[in-house]
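Right, one structure below, let's go through it.
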Amino acid sequence: MVDVKCQLVIQRPRPLVAGFAADPGNAPQWYANIGSAVHRGGPTLGVGTMVDFAARFMGRELKYTYEVVQWVPESKLVMRTAQGPFPMQTTYTWTDEGTATRMVLANTGEPAGFSRVAGFLMAPMMRRAMAKDLRKLKELLESGVAER
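Taking the numbering used here, the leading residue of the sequence shown gets 2, the next gets one more, and so forth.
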């Protein structure tokens, strides 16, 4: 079992942070390993929304589909892989921190196949990657990129 959580305070209001981070189309801008994210079925984000991702992790090309299983606008987004090589749940939560926003990014899953063999390496690698991704998100949002 892999269970990794990272958090960071971003000096921007919660509606802006949550709106940008929850939009699948923005994922390649702040996730280093994600090459593309294609939202199926239009722009509305909600329970049942499906998003196809292409990513690289541990030197391997991964294609997987996330399904939104919980969506509380500006507060919480929970997605689970609908298919793919590594069953995973990703949770974003956003809370006010004064005029800033605390974002928590959590990933839990059960490695299978190749991932199971490398499982003991995955948590520290995921933690480093997630922390780096959150720093990139912070940099984008605090520099005003999301408002352009």
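Every residue, glycine too, gets a C-beta built ideally from N, C-alpha and C. Small disclaimer: the values here were computed from a predicted structure and weren't measured.
In this chain, V146 is not harboured by any beta strand (DSSP E), its DSSP state being neither H nor E. The C-beta distance from Q12 to E148 rounds to 13 Å, too long to fall under 8 Å, and the pair is not in contact. Bounds of the beta strand (DSSP E) holding G36 are I35 to H40. The three-state reading of DSSP puts F87 in coil, since its state is none of H, G, I, E or B.
For L17, the enclosing alpha helix (DSSP H) has its first and last residue at R15 to A23. Cβ-Cβ distances below 7 Å link A56 to N34, I35, G36 and L63 in the same chain, with the five nearest sequence neighbours on each side left out; the list follows chain order. Within a 10 Å sphere around the beta-carbon of K139 sit 16 or more other beta-carbons, which makes this residue buried. Excluding the 5 residues flanking it on each side, A22 has same chain C-beta neighbours closer than 7 Å at Y93, M104 and L138, in chain order. Judged by DSSP in its simplified three-state form, Q30 adopts helix. Taking the C-beta atoms as reference points, Y67 is found no nearer than 8 Å to T45. Looking only at L122, V69, M89 and V73, the smallest Cα-Cα distance to M80 is reached by V69.
For M2, no beta strand (DSSP E) segment is defined, and its DSSP state is neither H nor E.
Counted as a single uninterrupted DSSP element, the beta strand (DSSP E) harbouring T109 occupies residues A101 to G110. Cβ neighbours of M51 within its own chain (closer than 6 Å, five residues either side excluded): R41, T66 and E68. Between A19 and P29, the gap from beta carbon to beta carbon reaches 8 Å or more.
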